[in-house]
Every structure is written in C-alpha cells, then in structure tokens.
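Heads up, the thing below is written out as structure tokens.
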Amino acid sequence: MAKGRPAGLRLETAVRTQIEFQQSSLDDLLSFEHRARQVWDYVEELDLSELYGRVQTTVSSSGRPAIDPAIL
C-alpha cells in the first residue's frame with residue numbers, strides 16, 4: 000500500500016503487471032457469423048423493463064453506475 004493511503008478506501012489502483020493495453024471494440028473482435036451476435040440480437044428483443052425497474056442509480060446520484068441488465 001502507498002504511504003499515507005488510509006486502509007478501507009475503495010480505489011482503483013494501477014496494475015503494474017499488466018502485459019498489454021490496446022484499444023479495440025468488441026464488435027471488431029467477433030466475426031460476422033459469431034454466435035454472440037445472435038445472442039445480442041435476441042437480448043435486444045427482450046422486454047427488460049422489470050430488471051430496469053430495480054436499478055436504483057440515476058443520472059443525478061453519486062457513485063458508480065449500475066451495469067446494464069442487457070449485458071449481464
């Protein structure tokens with residue numbers, strides 16, 4: 000732990016052992032025929048309103064945003 004950093008803080012820290020960083024989009028990593036594209040098309044057709052209704056974070060609230068139920 001760094002000097003002066005109190006214990007118990009929620010922090011994102013540097014990962015010094017990271018091998019590589021690259022920018023890419025998930026869409027570019029999958030072939031056009033990949034099954035994940037069919038799954039995504041299916042999920043986009045689902046009515047997720049019940050799951051969205053349980054999300055308590057809002058644009059005006061502090062903290063991290065919730066994870067979109069569509070990607071879970």
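When we follow numbering that gives the first Met the number 0, the leftmost residue of the sequence shown carries the number 0, and every step to the right adds one.
C-beta: ideal position from N, C-alpha, C; glycine also.
Owing to the predicted nature of the structure, the values given are computational and were not obtained by experimental measurement.
Would you mind reading off the limits of the alpha helix (DSSP H) that contains Val42? Arg34 to Glu44
Please report the distance separating the alpha-carbon of His33 from that of Ala6. 45 Å
Using three-state DSSP, classify Ile66 as helix, strand or coil. coil
Considering only C-alpha positions, which residue in the set Ser24, Ser59 and Ala69 is nearest to Tyr51? Ala69
I need the straight-line Cα distance from Asp26 to Arg36, nearest angstrom please. 9 Å
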